[in-house]
Each structure stands twice: as C-alpha cells, then as structure tokens.
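Scroll down for the structure; my scribbles are underneath it.
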Amino acid sequence: MKVAITSTGNDLNSKLDQRFGRCSYFVIYDTETRGMEFIPNPNKEAQEGAGPASVQIVASRNVGKIVSGEFGIKIKSLLDSLKIQMIVLKEPEKSIGEIINMLNT
Amino acid sequence: MFIIFVLNYCSYFMSPRPLRLRKISNPPIISGFKPYGKKPEKETNEVIFLMYEEYESLRLCDYEMLNHHQASVIMDVSRPTLTRIYAKARQKIAEAFVMGKQIIIEGGKIYFDSEWFSCKKCGCFFNNPEKQYNITECPLCRSNNFTNCEEVTNGADESVFRCSDMCICPECGHEQPHNFGKPCSSEICPGCGHQMIRKGTPKSKKK
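Next comes the structure, spelled out in structure tokens:
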C-alpha cells in the first residue's frame, strides 16, 4: 500500500505540511518495498483549484492513504469517490521520518 | 399596477438563491433499476434520473422510519426542503412504476459524509472510505485505541429526539420543549418576543 504525506521540504527531517492542496512536496512512501519518492507540487502558487489538481497527481501514483494536516471541502468528496483514506494529523512539528516510522511499526 | 410591473421585472433578472448542499450519509449500493417483462414493440429507452438526495430522503423516511424533521437534520437541510425532495422522489418512482421506465440513481447537489474516527494514541483523525470493511486499527500507528467521532455526535442528537424536539429563539437563544402539533413559528419567545423556530434546522444554527 502506498501512502502520500504532505511535506514542507524534500528530506526526511522536514516537517509535515498542514495544507494538502498547496503543500511544497508530496512524499510517496511504499510500505511494502519501503521505497520513497519526493514530488514537488506544481500547484503550490495556484490561485484556485489546487486541491483537485493535487488529488490528480497523488491518485495517478495509486495511493491508498494520504496524511496531511487539513483537507478542503472540494477534496473530501473527491477522495471518498476514489476510495482514498484521509488521515488528518494536527501536529505541525512531526517530521516526515517520524511519520514513516509510525507507519512501519 | 406599477408594483406588479416591478415585481415581474425583478423576478426576471434576479437569480434564485443557490441550493443548499445535501448531506448523504449512505450512498446507494446499486446504480439503478430496470423493468422486466415489458413488450418489446416499444423500443423506447426512457429513463428516470433519481437524484442521490432523493434516494437518501427515501432511505431515511421509509427505510429508517424517521420523521421529516429528523431526516432533515441528518441531511442538513430545512424541514420543508426535505419534504419537497421526498415528494419528488415518490413522484419519480411512481412514474417509473406506472410507465415501466428505467430508474438511474445519479446526480443531485450533494456531498458525501464518511465516518470519521480519532486515534487516542497518536491523536490523528481518519475516515473509512470502504464502507463494507470495518476498521480494526489506526492506519498510522496501528493501535486499536480509537473512537468513532460520529457516535458521540449521534448520541447527542438522539437524546434531543428522545426528550422530544426543542423550540429555539433565533434572537436570544432561549429554548423550550416543543408542543406537539403546534408550529414553532406560532410560539413567542418569553424573553424578547421574537418568533421561535425548531432547534437543529439550518436556520437555528446561524446564531
């Protein structure tokens, strides 16, 4: 199962981004092969429609779960229909490495 | 004469208020119905589109046996709106039965509401996108110490229903038990003399 995590930077020490649509990077982590991929978000500066465009990027990688701080109203129904699980983590101080460790245990 | 002219003029140019989004708790497991045993001479593929919101109102009113007010609170619309949706649903289904038309369930101004859970160990919130499987562990830290957020709010709502409905004053927030059979709008708030409305309807949540 692949998991997408929103990140503020492109290394393991960077923090979890509290926004989904306009986060800096997406981390795609594979829980089986333990491989990961950092994707810069092209919608970071978008005026509107950043959420659905970001969902498209993440869904094209066959992700099953998304970890982020918040999800917008447009995204919720979209992710429900795509059967992607949303995980809301309201802890901005958590780093990407810590979250990946939580997923592995 | 002049007033009628102005009213007509306004109704021609002013757009109506946009529809309120209807909340769908349980989407249908099928996407429609087909009639059978129809004489094939009339090859008409006439279909009736039953909106999701109409399906949901039927499910709440006829399957779950709730009254219109309880159903309207669940769908997050006003009671008259729910009754209109429900009446339309019955009319469409009756038409499909009588005319032997196909029913397709799709469309409507709606949003889905999935169940939310909260984990006590890592403090995260998560939903369950696949309704047919029950969640057994937190997807993040794999502990089984989590609670269903919906149960808490549902429990509060049920207690409101059990001790009968309440009338609330939209101005000062005064509440009193609802008199069965008497419209809330005919009640007068003893504090400020304003008309009362039913508690739990979208209007009463604004204040």
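Those protein sequences? They're chains A and B, same order as listed.
Here the first sequence stands for residues 1 to 105, where the numbers follow our numbering.
Here the second sequence stands for residues 1001 to 1207, where the numbers follow our numbering.
Glycine included, every Cβ here is placed at the ideal spot set by N, Cα and C.
Minimum Cβ-Cβ distance from residue i to chain A less than 8 angstroms
{"i": "B:Phe1049", "result": "no"}
{"i": "B:Leu1019", "result": "no"}
{"i": "B:Phe1125", "result": "yes"}
{"i": "B:Arg1142", "result": "yes"}
{"i": "B:Ile1029", "result": "no"}
{"i": "B:Glu1151", "result": "Any reading at B:Glu1151 needs caution, since the residue's pLDDT is 42, under 50, leaving its predicted position unreliable; the model's value is listed next. False, the Cβ-Cβ gap to chain A never drops below 8 angstroms."}
{"i": "B:Asp1157", "result": "Bear in mind that the predicted position of B:Asp1157 carries a pLDDT of just 36, short of 50, making it unreliable; the figure below should be weighed with that in mind. No, no contact with chain A."}
{"i": "B:Glu1056", "result": "no"}
{"i": "B:Cys1061", "result": "no"}
{"i": "B:Glu1130", "result": "yes"}
{"i": "B:Cys1163", "result": "Annotation note: pLDDT 40 at B:Cys1163 (below 50); position unreliable, coordinate value reported separately. Chain A contact via Cβ: absent."}
{"i": "B:Pro1139", "result": "yes"}
{"i": "B:Cys1122", "result": "yes"}
Check whether residue i and residue j have beta carbons under 8 angstroms apart
{"i": "A:Arg61", "j": "A:Ile28", "result": "yes"}
{"i": "B:Ile1103", "j": "B:Gly1191", "result": "no"}
{"i": "B:Lys1209", "j": "B:Asp1076", "result": "With chain B represented from 1001 up to 1207, any question about residue 1209 of chain B goes unanswered, as that position is not in the structure."}
{"i": "B:Lys1203", "j": "B:Cys1167", "result": "no"}
{"i": "A:Ile75", "j": "A:Phe20", "result": "yes"}
{"i": "A:Leu16", "j": "A:Glu91", "result": "yes"}
{"i": "A:Ser14", "j": "A:Ser95", "result": "yes"}
{"i": "B:Phe1117", "j": "B:Thr1147", "result": "yes"}
{"i": "A:Val63", "j": "A:Lys2", "result": "yes"}
{"i": "B:Tyr1086", "j": "B:Leu1058", "result": "yes"}
{"i": "A:Met102", "j": "B:Cys1119", "result": "no"}
{"i": "B:Thr1201", "j": "B:Ser1015", "result": "no"}
{"i": "B:Leu1021", "j": "B:Lys1088", "result": "no"}
{"i": "B:Tyr1052", "j": "B:Pro1027", "result": "yes"}
{"i": "B:Lys1101", "j": "B:Ile1048", "result": "yes"}
{"i": "B:His1174", "j": "B:Cys1189", "result": "yes"}
Chain B within 8 angstroms of residue i, Cβ atoms only
{"i": "A:Asp80", "result": "yes"}
{"i": "A:Thr6", "result": "no"}
{"i": "A:Lys83", "result": "yes"}
{"i": "A:Glu91", "result": "yes"}
{"i": "A:Leu12", "result": "no"}
{"i": "A:Ile100", "result": "no"}
{"i": "A:Leu16", "result": "no"}
{"i": "A:Ile87", "result": "yes"}
Taking only runs that begin and end inside the region 1067–1142 of chain B, name each unbroken alpha helix (DSSP H) of 4 or more residues, in chain order. 1068–1075, 1079–1099
To be precise: take each residue of the region 66–78 of chain A, compare its Cβ to all Cβ atoms of chain B, and keep it if any distance is under 8 angstroms. Which residues remain? Of all residues in the region 66–78 of chain A, those with a C-beta nearer than 8 angstroms to a C-beta of chain B are Val67, Ile73, Lys76, Ser77, reading in chain order.
Members of the region 25–49 of chain A near chain B, C-beta cut-off 7 angstroms: Residues of the region 25–49 of chain A whose Cβ lies closer than 7 angstroms to any Cβ of chain B: none.
Listed in chain order, which residues of the region 51–64 of chain A have Cβ atoms closer than 8 angstroms to some Cβ of chain B? none
Threshold first: 3 residues or longer. Then list the beta strand (DSSP E) segments lying entirely within the region 47–89 of chain A, N to C. You should have 63–68, 85–88.
Segments assigned beta strand (DSSP E), at least 3 residues, entirely inside the region 8–40 of chain A: 25–30, 36–40
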